[in-house]
Each structure stands twice: as C-alpha cells, then as structure tokens.
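K.L.:
Taken in order, the first sequence gives residues 36 to 391; the numbers are from my numbering.
Mind having a look at this structure? Questions to follow.
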Amino acid sequence: MKKFQNNKIVLGLSGGVDSTTAALLLKNKGFEVVGFYFDVLGKNQQGVQEAKKVAEQLDIEFISKDVSKEFGDIVIGDFCNEYINGRTPNPCIVCNPNVKFKQLIEVADSVSADFIATGHYAQIHHDENMDKYYVKMGENVSKDQSYMLYRLGQNVLSRLVFPLGDVADKEETRELARKNNLSNADKKDSQEICFIDEKKDDYVSYIKHQGYQIKTGNFIDPKGKILGQHSGLINYTIGQRKGLGITFGKPVFVTKINSKDNTVTLGENEDLMINDVYSKDNFFTINSSGEFPEEYQGKEIFAKIRYAAKPAAARLYKDKDGFVKTTFVHKQRASTPGQSIVFYQDDLVIGGGFIE
RNA sequence: GGCUCCAUGGUCAAGCGGUCAAGACACCGCCCUUUCACGGCGGUAACCCGAGUUCGAUUCUCGGUGGAGUCA
Numbered sequence: 036m037k038k039f040q041n042n043k044i045v046l047g048l049s050g051g052v053d054s055t056t057a058a059l060l061l062k063n064k065g066f067e068v069v070g071f072y073f074d075v076l077g078k079n080q081q082g083v084q085e086a087k088k089v090a091e092q093l094d095i096e097f098i099s100k101d102v103s104k105e106f107g108d109i110v111i112g113d114f115c116n117e118y119i120n121g122r123t124p125n126p127c128i129v130c131n132p133n134v135k136f137k138q139l140i141e142v143a144d145s146v147s148a149d150f151i152a153t154g155h156y157a158q159i160h161h162d163e164n165m166d167k168y169y170v171k172m173g174e175n176v177s178k179d180q181s182y183m184l185y186r187l188g189q190n191v192l193s194r195l196v197f198p199l200g201d202v203a204d205k206e207e208t209r210e211l212a213r214k215n216n217l218s219n220a221d222k223k224d225s226q227e228i229c230f231i232d233e234k235k236d237d238y239v240s241y242i243k244h245q246g247y248q249i250k251t252g253n254f255i256d257p258k259g260k261i262l263g264q265h266s267g268l269i270n271y272t273i274g275q276r277k278g279l280g281i282t283f284g285k286p287v288f289v290t291k292i293n294s295k296d297n298t299v300t301l302g303e304n305e306d307l308m309i310n311d312v313y314s315k316d317n318f319f320t321i322n323s324s325g326e327f328p329e330e331y332q333g334k335e336i337f338a339k340i341r342y343a344a345k346p347a348a349a350r351l352y353k354d355k356d357g358f359v360k361t362t363f364v365h366k367q368r369a370s371t372p373g374q375s376i377v378f379y380q381d382d383l384v385i386g387g388g389f390i391e
C-alpha cells in the first residue's frame, strides 16, 4: 500500500537502544526516517531530550508529541480499573493499538509517510494470496514481542516495518549501535511500566496516588477458611507466591482473586493448572472487525497466556457472548484474568483476547 | 489445683555434652522480563530466664516463666 508513493517512514523513537538501532537500519535501507517520540506523561522533558539527541546523532527528522490525555483516558484508566476489579491488566496490550500505533499512523499521515516502524522484536508477514498481514514472531525468539502486538489491525500492519525483526540477538543490536557510535548503545533495557517512575512509585502506590481506596480483606483457603489478612486486591495476581507474608511450610500461591467479597484465595501450585481458558474482547487479525473467523472453529493452534510463556498446543472454540474457549493439550499454569491469551499459527499471530 | 508434655531464627521444624546449630516457608537483594507474575541465584536471622553438674551446656538436673494435654 503506497498512499504517498515515497520511502518516508515514521519510527517510534524512545531513545533506547532498540528504537535507535532500528532507525539506523531503516536509514541504511534508504528510508527517510522521521523519529517520533510520544510523551505519555506529558511532562517528560528528559525523555524528549534524550530521544531528540539520538535523532540528531542519526541526523533524522524528529517530532515529539504530548499524548498524555489519550494515554491517561485509555491506558491508565483501564489499568487502574482492572486492578480495582481484582484483575491483572497488561497496559502495553491496550496502549499499542489504541495509542502507540494509532499515533504512529496519524503522524505518518500528517507528514505524508507511507510507512511506520518500531523497534519491536517481531516481524510482519504478508499473505499474498489472501492479501492479509500478520505479526510474525521475531527471529530473536527469546526477545520475541509479538505477544504485545496481537491487537493491531490490517490498517496498521500493512504499513508497518520492524527493522529488528530479523536480528537474532539483542547483543547484535547493541553491537550495531556501538559500531555506529550511538551514545545509548549500552543503555539499560527499559522495564517496568512505562508511565510509572520506579524511583518513586511502584504500581501499587501509583494506583493509590490516583486516589483509589484500597481495602484490606481476608486470605482464604479453597474451602473458604480464613487464613489471614491481605493488604488489598491490587497487590496480587494469580499464581503469585511472593509478598503474601503468610507461611505454611510449603509455597502457597494466589489461586483466585474475588472482588465481590474482597478475598484472595490461596492454594497449591497444582490448583493453578488448567486446560481451558476463556477470553473476551477477542481480536482476530484477518477480520477487520476482529471477530472470530468461523473457519477457526476447532482449529489447532498454539497459544500463550502470558508474555513470557512458551506457546503451547491448543484448540480454539467460539463460545457464547463473544467469548472464545481455548483448550490446551497440556495444562497451563496460572491463567490470569486481565492478561492476554495470544493465538499463533506456526509463528504468525492470528489473534488473542483478554482472559476471563 | 494435681499429674504429664513442650519451649531452637518471622513461622514451622531437625539436632547434638565440644557443630560455622540443618531444612522448609516467609522476608531482603540480584538475575530474568517493554505488563503483572512464575522461575533461577544469593543473603539476613535462633537455642525462654536463673541456678547447678561438667574442662565445656542449646543439649543433663533443679527452679521460674510461658504454652499444650489430662484428672476431680
């Protein structure tokens, strides 16, 4: 798709090694690169300056934009609500289609660029016959970030380039950066949640600072017996072991979070193993609406229920009320409401949804 | 009230007349990780008090204190 008939490309430029190296690679391939920094906090002058400096080093155009309003409404609002409701959100999943890539497209249109890019370790696959685009796992299997991108639609994918998709090793990225004297070649990987300053907040105190009231409640066993006091639902996620402050001589894990009666159920690891995972708000790549394609009924696929999980064999079934049931061949550990399940066919992302 | 049993890190729990006093769970740190977790590695931390026996007591004896059981 070439709307503008040029080689102009808008790259999400955070100032980190990955996006910087991505810019370099694009430049080398002959793209006219525009570095785009989106400021989710709206006051991140340091972030802007760092990215700008990198852009100058690379000698590329640079744009920054305050997207704090939409980011706050869409991502942070959802993030807090989910936690308050006893779920475990993954803000990156929400941000990508609704803020990050949406912004990239908008900026690309505004500067008449045909393409957009990010430094994700993922690839794009184009099915020529069906004329469909897919996110494909990165060559760098251990860093593969395709999971985070399952909600991107054809309008985005068709214009998207992942320069680092075929880089098989993060060290290779750094090496490239070093060779080209990029100042951030050895900058530490960013981590944690991007909108929370880990120096002064963790996500729990962040949510508290947003004005939410956190109520303590009971830890209970699977039969309902009270085991102790928990410090508020937002502190916990399914499968969690540490930070419970409760001891039984053997590890215990969070097996259930119940927002109705404000309890947290603790149990053994075995209790966390399940075959069937239900998801809602599913999004399937090949349908512009994102709906479940009928031909996927009973389909053998691979799926993972967490970013860091290994894709595991499963079958897909359409369920009532827009739900999808995924039946794994082997039990999976700690399916967590709010996290995403992502479906793969071989190394292509075909869709995903939010776990219930 | 009588009798019996017990008393070790935050919790549970080994053990011995001379030990750097196990281990598990918790906790802390690091690693892993563009979410939250899991996981891996490492770390802090204890013999209830007093008297006695002994070359030496956490270990044996007595008393105290605290807890558990039992009897009328």
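We put the CB at the ideal spot given by N, CA and C, even for glycine.
I'd like to confirm the pairing. Which residues does DSSP put opposite H265 in its beta bridges?
P.N.:
G252.
K.L.:
Would you report the Cα separation of R122 and I292, rounded to the nearest angstrom?
P.N.:
Their Cα atoms are separated by approximately 8 Å.
K.L.:
Please work out which residues of its chain come closer than 6 Å, Cβ to Cβ, to Q248, disregarding the five sequence neighbours upstream and downstream, and give them in chain order.
P.N.:
Correct list: empty, nothing qualifies.
K.L.:
Under a three-way DSSP split, which group does M172 fall into?
P.N.:
Residue state, collapsed to three classes: strand.
K.L.:
Does the separation of the CB atoms of V68 and L217 fall below 9 Å?
P.N.:
Their beta carbons are not under 9 Å apart, which means V68 does not touch L217 by this criterion.
K.L.:
Report yes if the CB atom of L195 is closer than 9 Å to the CB atom of T208, and no otherwise.
P.N.:
In this structure, T208 does not lie closer than 9 Å to L195 by Cβ.
K.L.:
What residue range is occupied by the uninterrupted beta strand (DSSP E) comprising A157?
P.N.:
Note, A157: beta strand (DSSP E), 157-162.
K.L.:
Considering only residues of the same chain and omitting the five flanking positions on each side of E85, which have a CB-CB separation below 6 Å?
P.N.:
These residues qualify, in order along the chain: G50.
K.L.:
Check whether the segment 365-372 and the segment 338-350 are in contact - that is, three or more C-beta pairs closer than 8 Å.
P.N.:
Touching, yes.
K.L.:
With a Cβ-Cβ cutoff of 9 Å, do P126 and V102 count as a contact?
P.N.:
Not in contact: P126 and V102 (Cβ atoms no closer than 9 Å).
K.L.:
Which of the three DSSP states, helix, strand or coil, is assigned to G278?
P.N.:
Three-state result, G278: coil.
K.L.:
Per DSSP, what are the beta-bridge partners of I372 in this structure?
P.N.:
Per the sequence shown, residue 372 should be read as Pro rather than Ile. In the DSSP output, where bridge partners are listed per residue, P372 has Q374.
K.L.:
Starting from K392, follow its DSSP beta bridges and name the residues at the other end.
P.N.:
What the structure shows of the chain is the stretch from 36 to 391, and residue 392 is not part of that stretch, so it cannot be assessed.
K.L.:
Assuming T320 and Y182 are in contact, meaning their beta carbons sit under 8 Å apart, how far apart are those beta carbons, in whole angstroms?
P.N.:
Contact flag wrong, Cβ pair sits at about 13 Å.
K.L.:
Should G387 be labelled buried (16 or more other beta-carbon atoms within 10 Å of its own) or exposed?
P.N.:
Answer is buried; the Cβ neighbour count reaches 16.
K.L.:
Using only the alpha-carbon positions, how far apart do V191 and G280 sit?
P.N.:
Their backbone Cα atoms lie some 45 Å apart in a straight line.
K.L.:
Return the chain-ordered ranges of every beta strand (DSSP E) run that is complete within the segment 53-111 and spans a minimum of 3 residues.
P.N.:
Within the segment 53-111, the complete beta strand (DSSP E) runs of at least 3 residues are 67-74, 96-101.
K.L.:
Just the C-alpha distance for K87 and D179, rounded to the nearest angstrom, thanks.
P.N.:
For K87 and D179, the distance between alpha carbons rounds to 27 Å.
K.L.:
With A10 as the anchor, note down where its beta strand (DSSP E) starts and where it stops.
P.N.:
What the structure shows of the chain is the stretch from 36 to 391, and residue 10 is not part of that stretch, so it cannot be assessed.
K.L.:
Can you tell me where the alpha helix (DSSP H) with A143 in it begins and where it stops?
P.N.:
136-145 is the extent of the alpha helix (DSSP H) around A143.
K.L.:
Which word fits A348, buried or exposed, when buried means at least 16 other C-beta atoms lie within 10 angstroms of its C-beta?
P.N.:
By the neighbour-count rule (16 or more Cβ atoms within 10 Å), A348 is not buried but exposed.
K.L.:
Using the three-state DSSP reduction, which class does S193 fall into: helix, strand or coil?
P.N.:
It is coil, neither helix nor strand.
K.L.:
Determine the direct distance from the alpha carbon of N63 to that of E174, and round the result to whole angstroms.
P.N.:
Their Cα atoms are separated by approximately 20 Å.
K.L.:
Give a yes or no on whether the C-beta atoms belonging to F288 and Q275 are separated by under 9 Å.
P.N.:
It is a contact, given that the beta carbons lie within the stated cut-off.
K.L.:
Can you look up M183 in the DSSP assignment and give me helix, strand or coil?
P.N.:
Here M183 sits in helix by DSSP.
K.L.:
Quick one: what does DSSP say V202 is sitting in, helix, strand or coil?
P.N.:
Residue state, collapsed to three classes: coil.
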